[in-house]
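> Let me give you the structure first, and then I'll get to my questions.
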Amino acid sequence: MSILPVVEVPEHVLREKALPVPKITAEIKKLLDDMMATMYAKNGVGLSGNQVGKRLRVVVIDCRDEDDNPLPYKLVNPVITYKSEETVLHSEGCLSLPKEYADVERAAEVEVNYLDENGVGRTLRADGLLAIALQHEIDHLDGVLFIDYLSPFKRKRLLQHLEKRRKKEGCV
Ligand code: ZN
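Using the working numbering, read the sequence shown as starting at 327 and increasing by one per residue.
This is the structure we're talking about:
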């Protein structure tokens, strides 16, 4: 397994709509494994195809520490089929906007249809952190970032803060 470079804002691929995976090949399985390894290496709880520069509808998630969920998930072509009216406010971060956090309101419970890495159709009903991670990662596949839910003022402030820190850390 390889650790992949994670794309950060303002890279354009983060704003592109990812394409459905037509067939789960050995390459797709390897991509899912590499994304999983990358997510663990970067201490993330989720990672999407766009974030490793691939315009493909693939997502990996592992929230086990917080919610005691049984498995890490590899999701191919995930679609949200249900969102509860009840919402929750949760502080979110993103490997593509490193070390920046903001409160985002999301549905408290969701249902997602997806293919697993063997091409088997599955339905996942989730609440807690897993529900939030699913919405955050599936947003990535549509070119949506968590900062899009913030007020223009808060979004600008967060991006300026990120820019400032990058300069300080000599990453620019
Ligand atoms: Zn993210």
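Idealized CB from N, CA, C, for every residue including glycine.
1) I'd like the span of the alpha helix (DSSP H) that includes T351, first residue to last.
2) Using three-state DSSP, classify K494 as helix, strand or coil.
3) What are the boundary residues of the alpha helix (DSSP H) that D465 is part of?
4) What does DSSP give as the partner residues of E431 in its beta bridges?
5) Can you tell which of A363, I406, I350, G379 has the C-alpha that lies nearest to the C-alpha of I458?
6) Does the separation of the CB atoms of A434 and E412 fall below 8 Å?
7) Is any heavy atom of the ligand GTP found at a distance shorter than 7 Å from the C-beta of C389?
8) At a cut-off of 7 Å, would you count L485 as near the ligand ZN, judging by its Cβ distance to the nearest heavy atom?
9) Taking A428 and K368 to be in contact with their CB atoms under 8 Å, please state how far apart those CB atoms are, rounded to whole angstroms.
Reading from the atomic positions:
1) Element bounds for T351: n/a, residue is neither H nor E.
2) helix
3) 454-467
4) L415
5) I406
6) yes
7) Questions concerning the ligand GTP fall outside what the structure shown contains, since the ligands it does hold are the ligand ZN.
8) no
9) Wrong, their Cβ atoms sit about 19 Å apart, outside the cutoff.
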